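Trainee: So that we are looking at the same thing, I have put the structure below in structure tokens.
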Amino acid sequence: MDYYLDNTKVFKALGDPKRAMIVDMLSCGELCACKILEKFEMSQSTLSHHMKTLCGCGIVKAREEGKWTYYSLDDDTIRKTKQFFCAITSDKENCICRENANCCKGCNENE
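So for the sequence shown, our numbering puts the first residue at 796; every next one is plus one.
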């Protein structure tokens with residue numbers, strides 16, 4: 796269960812279209828918060844909330860430089876998220892559907 800909880804945080808964060816758009820912007824490289832803010836009709840506090848969510852799930856990292864904050868994608872989290880998505884959408888020997896193979900014996904007998 797922890798495997799799923801840990802890996803779905805990114806998807807939950809991306810469930811908001813504006814956060815998905817911010818990630819898309821950051822795919823081109825590091826950006827200052829002021830540049831991100833220019834693209835959206837939102838307050839500084841709303842942007843801060845979105846960035847806190849994105850940083851909290853690990854997909855975005857932040858660095859301070861003077862009074863500005865710069866954001867970029869975390870390559871390691873991106874890699875792990877891609878691997879997780881591939882794993883849950885692919886047939887495999889250790890799939891959770893095979894853990895209790897006898898629990899539903901006969902469920903498909905009428906098909």
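Cβ coordinates follow ideal geometry from the N, Cα and C atoms, glycine included. Values in this document were obtained by computation on a predicted structure and should not be read as measured data.
Mapping the DSSP letters down to three states, classify SER867 as helix, strand or coil.
Mentor: Residue state, collapsed to three classes: strand.
Trainee: Could you name the residues that DSSP lists as bridge partners for ALA857?
Mentor: Bridge partners of ALA857: TYR866.
Trainee: Express the C-alpha separation of ILE891 and GLY853 in angstroms, rounding to a whole number.
Mentor: Roughly 26 angstroms separates the two Cα atoms.
Trainee: Need the endpoints of the alpha helix (DSSP H) that ASN915 sits in, please.
Mentor: Outside the modelled stretch of the chain, which goes from 796 to 906, sits residue 915, for which no answer is possible.
Trainee: When the Cβ atoms of the stretch 852 to 870 are set against those of the stretch 820 to 832, are three or more pairs found closer than 8 angstroms?
Mentor: The answer is yes - the stretch 820 to 832 touches the stretch 852 to 870, with three or more Cβ pairs under 8 angstroms.
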